[in-house]
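Asker:
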Amino acid sequence: MPQRAATIVGGGIGGLTTAIALHRRGWRVEVLERAPEFTEVGAGISLWPNALHALEALGLADTVRARGAVETGGGVRDRRGCWLSRVDNAELTRRFGHPLVVLHRADLLRALTEALPADSLRPGSEVSAVRDDGHHLVVEHRGGESRPDLVVGADGLRSAVRRALWPDAAGPRYAGYTAWRMVTEPLAEPPSEGAATWGRGERFGCTALPGGRMYCFATASLPASGAASGPAEYAELLRRFGSWPDPIPALLAAVPPDAVLRHDLYDLPPLPSFVHGRVALLGDAAHAMTPNLGQGACQALEDAVTLAHCLDGTPDVAAALRSYDLLRRPRTQAVTRRSARLGAVGQLSWPPAVLLRDTAARLTPPWVTLRSMTPVLGWTAPDDRRMGTTGTTGTTGTTGTTENESH
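Letter 47 of the sequence shown, counting from 1, is numbered 46 in numbering that gives the first Met the number 0, and no numbers are missing.
(1) Is G74 near L208, with beta carbons less than 8 Å apart?
(2) Rounded to whole angstroms, how far is the Cβ of M181 from the Cβ of A258, which I believe are closer than 8 Å?
(3) Is there contact between the segment 90-109 and the segment 54-73, where contact requires at least three CB pairs shorter than 8 Å?
(4) I need the boundaries of the alpha helix (DSSP H) containing C297, first residue and last residue.
(5) Mapping the DSSP letters down to three states, classify V316 as helix, strand or coil.
(6) Suppose you measure from the CA of L83 to the CA of W349; what does that come to, to the nearest Å?
(7) Candidates T358, G342, V86: which alpha carbon is nearest V367's?
(8) Pull up the CB-CB distance for L136 and V304, whole angstroms please, since I reckon it's below 8 Å.
(9) Can you round the beta-carbon distance between S45 and G293 to whole angstroms, since I take them to be within the 8 Å contact cut?
(10) Using a threshold of 8 Å, state whether the C-beta atoms of P261 and S228 are closer than that.
(11) From S272, E36, R157, pick the residue whose C-alpha is nearest to that of Y323; which is it?
(12) Judging by CA-CA distance, which residue of R162, V30, W179, S242 is the nearest neighbour of F216?
(13) Using the C-alpha atoms, what's the distance from A223 back to A174?
(14) Buried or exposed: which applies to T196, given that a residue is buried once 16 or more other Cβ atoms fall within 10 Å of its Cβ?
(15) Classify P48 as buried or exposed, calling it buried when 16 or more other Cβ atoms lie within 10 Å of its own Cβ.
(16) Suppose contacts are defined by Cβ-Cβ distances below 8 Å. Is G152 in contact with V8 by that definition?
(17) On the CB-based measure, 16 or more other CB atoms within 10 Å of its CB, does D266 come out buried or exposed?
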C-alpha cells in the first residue's frame with residue numbers, strides 16, 4: 000500500500016496522539032495548530048487506567064507515568080470535610096492494570112510532541128477552510144493548502160472542522176456552572192490524598208502533582224461569563240472557599256494570585272456521526288464533555304488509538320472511519336451524559352437535596368463504587384503488534400463511566 004497522508008487539525012492531546020499512532024503505522028502526518036507553539040498552560044490532568052492503556056499501546060505509558068504522580072487515594076467529602084466516599088488507588092491498579100496518574104498538561108503535551116518528527120508539527124497554521132467534494136479533501140490553512148487522504152478534526156469544543164462539514168450540528172451548551180483551575184507552589188507537606196469537597200452549588204477539589212505541588216479546581220453555579228484569569232479570580236476563590244475545611248485554605252494560600260484560570264463549562268450535544276466521508280472528528284470536537292469524571296482527555300486518547308487501528312490494513316479510509324464511528328460514538332456519548340449527570344448532582348444547592356445526595360454517597364459501599372467504574376476504566380486498546388509494542392487485547396465498544404470526580 001503506498002504511503003498515505005493525514006492532516007490533523009488541532010495540536011492538543013487528541014490530535015498529537017492520533018499523529019503518533021498514524022506515524023507509527025507509516026502514514027505521513029502533519030499537525031496544524033492555530034497557536035504559535037504547541038503548549039498547554041496552568042492546569043493538571045488526571046489519566047485513569049483506560050488512558051494509560053491507550054498510551055501503553057503506543058509505548059508511551061512509562062514515559063508519561065515518569066512525568067506524573069500516582070495518586071494513592073482520594074474520594075469525595077462533604078462541606079464539613081467528612082468523607083462521603085473513598086477510592087483506593089492500589090485497588091484501581093489491581094483491577095484495571097494501571098493506577099490513576101496526575102500530571103501537568105504541559106508535561107503530557109511535551110511527551111507527545113517529542114514522539115513525533117519535528118517537521119510534522121506546524122504551529123501558527125490556523126485552518127480557514129475544509130472541503131470534501133467526494134473525490135478530494137482540501138484543507139486551507141495559513142501555511143498553504145493540503146490535500147491528504149484523511150482529515151482528523153481534533154480542534155476542540157468550537158471545532159472549525161465540525162462547523163465546516165457539520166453545519167447543522169448544534170453548538171456547545173453551557174453546563175450551568177463555571178470552573179477555576181490552578182496549581183500551587185511546592186508545599187512542605189502536601190495532602191496525602193486527593194479529594195473533591197461538595198458544598199451547595201459549589202465544589203473544590205485537589206490532587207497531587209510531582210514536586211510537592213497540588214492541582215486544584217473549583218466550581219460554582221453561575222451564569223456564563225466567558226474566560227478570565229488573574230488576581231480578581233483569586234480574590235473570588237478566597238471569598239467563596241477561604242473558610243472551607245482543611246486543607247483548602249492552605250492550598251489557596253499557596254496559589255500565586257496570577258495563576259488562577261477561570262472557564263465556563265460546556266459539553267456538546269450528541270452528533271449523529273463522527274465521520275463525513277474521509278473526515279473524522281475526535282476528542283472535544285466530537286464529544287466535548289464536562290470535567291466531572293476526569294475523562295475528557297482519556298476518551299480522546301482512546302479515540303486516537305481506535306481510529307488508527309480501524310485504518311490499519313485497509314485502503315478504504317471511508318469504510319475504516321465508519322467502523323471508528325460505530326466503536327467510539329456510543330461509548331463517548333454515554334460518558335458525556337454520565338458526566339453531565341454527575342455534575343448536576345455535585346452542583347445541587349437546595350438543602351434537602353444536598354442532604355439526600357450526601358447521605359446516599361455515604362451509604363454506598365466502596366465495592367459498589369469500584370464496580371461502577373469497570374465499564375469505562377476496564378477499556379483496553381485493540382491488540383496490534385505493528386504499533387511496535389505488545390499492546391493489550393480488549394474491547395473498544397463498552398459504555399459507562401466512573402463517578403469519581405477529577406478534572
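Each residue gets a CB set at the ideal place from its N, CA and C atoms; glycine is no exception.
Answerer: Taking the structure as given:
(1) no
(2) 5 Å
(3) yes
(4) 295-310
(5) helix
(6) 18 Å
(7) V86
(8) Their Cβ separation, rounded to whole angstroms, is 23 Å, which puts L136 and V304 out of contact at 8 Å.
(9) 4 Å
(10) According to the sequence as given, residue 261 is Arg; it is not Pro. In this structure, S228 lies closer than 8 Å to R261 by Cβ.
(11) S272
(12) W179
(13) 9 Å
(14) buried
(15) buried
(16) yes
(17) buried
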